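So in this note's numbering, spot 223 of the sequence shown is number 352, and the numbers just go up one at a time.
Glycine included, C-beta positions come from ideal geometry on N, C-alpha and C.
Computed from a predicted model, the values in this text were never measured in an experiment.
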Amino acid sequence: MKTNSFSRFFSIFLLLLLLVNLLAVPASAAVPDPDIQAKAALLVDQKTGAVVYAKNEHQELYPASLTKIMTALLVLEAVDRGTLKLDQPITATASAMTTLAADGSTAGIQVGEVLTVEQLLYCMLVVSANEACTILAEQVSGSVGAFVDAMNAKAEELGCEHTHFMNPHGLHDDQHYTSAWDLYLITRAAMEYPEFMTVCDTTSTTIPATNLSPERILYNTNYLICGYRSRGYLNGEAHGVKTGSTSLAGHCLVSTARRASLSFVSVILGADRTLLEDGTTWWTYSFGETNRLFDWAFENFTYRTILKENDVAGEAPVSLSRQDHVTLHTDQPVEILVPQELNVEDLEKTITLRSDPVEAPIAAGDVLGTLSVSLDGKEYASVDLLAFTDVEASRLRVLWRDIQNFLGTTQAKVGGAVLGALAALYLLWKLVFSRRRYRYGRSVGRTRSGYRGRRR
Numbered sequence: 130m131k132t133n134s135f136s137r138f139f140s141i142f143l144l145l146l147l148l149v150n151l152l153a154v155p156a157s158a159a160v161p162d163p164d165i166q167a168k169a170a171l172l173v174d175q176k177t178g179a180v181v182y183a184k185n186e187h188q189e190l191y192p193a194s195l196t197k198i199m200t201a202l203l204v205l206e207a208v209d210r211g212t213l214k215l216d217q218p219i220t221a222t223a224s225a226m227t228t229l230a231a232d233g234s235t236a237g238i239q240v241g242e243v244l245t246v247e248q249l250l251y252c253m254l255v256v257s258a259n260e261a262c263t264i265l266a267e268q269v270s271g272s273v274g275a276f277v278d279a280m281n282a283k284a285e286e287l288g289c290e291h292t293h294f295m296n297p298h299g300l301h302d303d304q305h306y307t308s309a310w311d312l313y314l315i316t317r318a319a320m321e322y323p324e325f326m327t328v329c330d331t332t333s334t335t336i337p338a339t340n341l342s343p344e345r346i347l348y349n350t351n352y353l354i355c356g357y358r359s360r361g362y363l364n365g366e367a368h369g370v371k372t373g374s375t376s377l378a379g380h381c382l383v384s385t386a387r388r389a390s391l392s393f394v395s396v397i398l399g400a401d402r403t404l405l406e407d408g409t410t411w412w413t414y415s416f417g418e419t420n421r422l423f424d425w426a427f428e429n430f431t432y433r434t435i436l437k438e439n440d441v442a443g444e445a446p447v448s449l450s451r452q453d454h455v456t457l458h459t460d461q462p463v464e465i466l467v468p469q470e471l472n473v474e475d476l477e478k479t480i481t482l483r484s485d486p487v488e489a490p491i492a493a494g495d496v497l498g499t500l501s502v503s504l505d506g507k508e509y510a511s512v513d514l515l516a517f518t519d520v521e522a523s524r525l526r527v528l529w530r531d532i533q534n535f536l537g538t539t540q541a542k543v544g545g546a547v548l549g550a551l552a553a554l555y556l557l558w559k560l561v562f563s564r565r566r567y568r569y570g571r572s573v574g575r576t577r578s579g580y581r582g583r584r585r
């Protein structure tokens, strides 16, 4: 009997201990770290721009052929400007073929061969042809050197702080580097052009016979979308983007993936390649770890709507008006990506106004501040807060404000000082003049005389 009581007591004790441990784990820390095996890794939500996973994302590393994402971006910008056309034929020059490594990626393009801009983009992004980069670079900027200058200028424009390019293809150079975060910024800009993802997401394509070459069939070097060389990594949810590898850069990959409403961009830099136990199969971590990163994100994160469009988000105090406040709202739904276990009621909402109070007049739709949503120091969203209605200003209160503001200016203070000095001088003059009159005026004035003229 005593043994049964003790067993029940011990079971209850263990259950309570388990509950305490579960409650002690904060919701924001409930998602396990995937511990990606690479020098740097980054996963960003495409919809909100939220960073889901980051490892050494700002470390300067060699990008290898991921460089070609920037090259493609500049080519597509030239097409967008109208200085280049996708169906425009280009002849490969001898200068474009110099300085290329003999063992580098190639589409076998020859000097004097004619291909269109679009065909060269496929050669560059599908099979990673280095010569296609230099041919396009010369066509866009006149020379490879000028094109590289444009690459660095574009990187700076995009906010890349750890990037410096030395060539348009990514063959090794000690001064040619970037970071996972910068590559995300470059990829995000390139993805604004539909043609970019169309080419990058192509598993295979055929380049018709040219003036110097027979028909070519190109197979994508990205094993996530093309199983021509290796089927161990195929991912039906993955799309694009670009592979890269050199002995010093390691194996690199930028990719995207979509499942239901979720979509992510991943960057892997400096991954290894190892021989499996069978002694014949190589395992490339850039592909394997990208798949693992996508699966981890899909399984652990979800979207939550914090505010719907035109929901009241708060109030702002108003000055210079008979109305003492204005209602605030967002101009779009506030949807954030959070761990699935997170309770949205625990999220902290902070309103920051552009001024407190906000001065009238206010027009409906004016941006009056921001709303940030965070938990445990991690910000999940920051959106503008807009005035829901117009707020008219009071003329009398505006006039009084203007008078007060004027009196506080340097001109008013100087003018007041001058007027004060003039008033003081006037009083001093009056005082001195009055004393002189008092002292001398009566004593030196005319004396009264009894003479009134002759009497008659």
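Whole-Å CB distance - residue i paired with residue j, under 8 Å assumed
i: V520; j: P490; result: 6 Å
i: A169; j: L190; result: 6 Å
i: D475; j: V496; result: In fact, because the Cβ distance is near 28 Å, the residues do not count as touching under 8 Å.
i: P163; j: R421; result: 6 Å
i: T263; j: A225; result: 4 Å
i: T245; j: L215; result: 7 Å
i: G271; j: S342; result: The pair is not a contact, with the Cβ atoms about 26 Å apart (cut-off 8 Å).
Close beta carbons around residue i, own chain, < 8 Å, minus the five adjacent residues each side
i: V181; result: L172, V173, D174, F393, A426, F430, L466
i: Q304; result: H293, M295
i: E344; result: T335, I336, P337, A338
i: S157; result: With a pLDDT of 43 at S157, under the threshold of 50, the modelled position of that residue is not reliable, and the figure given next carries that caveat. Contacts found: P468, L471, L504, D505, K507.
i: A153; result: Here the model assigns A153 a pLDDT of 38, short of 50, so the residue's position is not dependable and the matter cannot be decided.
Residue i versus the options, residue with shortest Cα-Cα distance
i: T327; options: A201, H305, Y357; result: A201
i: S390; options: G299, Y432, L382; result: Y432
i: Q268; options: H291, L203, D232; result: L203
i: T456; options: D440, N185, G299, Y352; result: D440
i: S501; options: S234, E477, A275; result: E477
i: G241; options: E260, E406, G549, L398; result: E260
i: A183; options: L548, L398, L528, I532; result: L398
i: V243; options: S257, L265, P446; result: L265
i: D401; options: S376, H298, G549; result: S376
i: L300; options: L229, V447, S448, V547; result: L229
i: T479; options: Q452, E444, P323, A492; result: E444
i: D209; options: P323, L528, P218; result: P323
Other residues of its chain near residue i: CB distance less than 6 Å, five sequence neighbours each side excluded
i: L363; result: G356
i: Q166; result: Y414, E418
i: V481; result: According to the sequence provided, residue 481 is Thr. The question's Val does not apply to it. Within the same chain, T481 has close Cβ partners G498, T499.
i: G494; result: L515
i: T403; result: W412
i: T103; result: The requested residue 103 does not occur in the structure, where the chain is confined to residues 130 to 585.
i: S374; result: A193, H380
i: T372; result: T350, N351, L382
i: V396; result: L171, A309, L312, Y313, V383
i: S450; result: A489, V520, A522, S523
i: F91; result: For residue 91 there is no data in the structure shown, the boundaries of the chain being 130 and 585.
i: A550; result: none
Residue range of the unbroken beta strand (DSSP E) whose run includes residue i
i: V512; result: 507 to 516
i: E477; result: 477 to 482
i: M184; result: A small fix is needed here, since residue 184 is Lys in this sequence, not Met. Where K184 is concerned, the enclosing beta strand (DSSP E) stretches over 180 to 184.
i: S523; result: No beta strand (DSSP E) contains S523, which DSSP labels as neither H nor E.
i: L497; result: 496 to 504
i: F393; result: 391 to 400
i: E107; result: Nothing in the structure corresponds to residue 107, since the chain is present only between 130 and 585.
i: K371; result: 367 to 375
i: Y191; result: Run containing Y191: none; DSSP gives neither H nor E here.
i: G237; result: No beta strand (DSSP E) contains G237, which DSSP labels as neither H nor E.
i: H458; result: 454 to 458
i: H380; result: 379 to 388
Limits of the unbroken alpha helix (DSSP H) element including residue i
i: I165; result: No alpha helix (DSSP H) contains I165, which DSSP labels as neither H nor E.
i: A223; result: 223 to 226
i: L213; result: Element bounds for L213: n/a, residue is neither H nor E.
i: R317; result: 309 to 319
i: I264; result: 259 to 270
i: C329; result: 323 to 329
i: F416; result: 414 to 429
i: C252; result: 246 to 255
i: E286; result: 273 to 286
Own chain, CB closer than 7 Å to residue i, minus 5 neighbours either side, in chain order
i: H187; result: H291, S308, W310
i: T316; result: I198, V370, V383, V394
i: P462; result: T434, L436, K437, E438
i: R388; result: E366, F427
i: I346; result: S333, T335
i: Y555; result: none
i: F325; result: A201, L205, A319
i: N150; result: Here N150 scores only 45 on pLDDT, less than 50, and its place in the model is too uncertain to base an answer on.
i: L536; result: none
i: T576; result: Its pLDDT being 48, under 50, T576 is placed unreliably by the model, and the measurement read from it follows with that caveat. Excluding residues within five positions, none has a Cβ falling inside 7 Å.
Interface flag, residue i vs chain D, CB-CB below 8 Å
i: T307; result: In the structure shown, chain D cannot be found, because there is only a single protein chain.
At a cut of 8 Å, does the segment 240 to 255 reach the segment 278 to 287 through at least three beta carbon pairs?
No, the segment 240 to 255 is not in contact with the segment 278 to 287.
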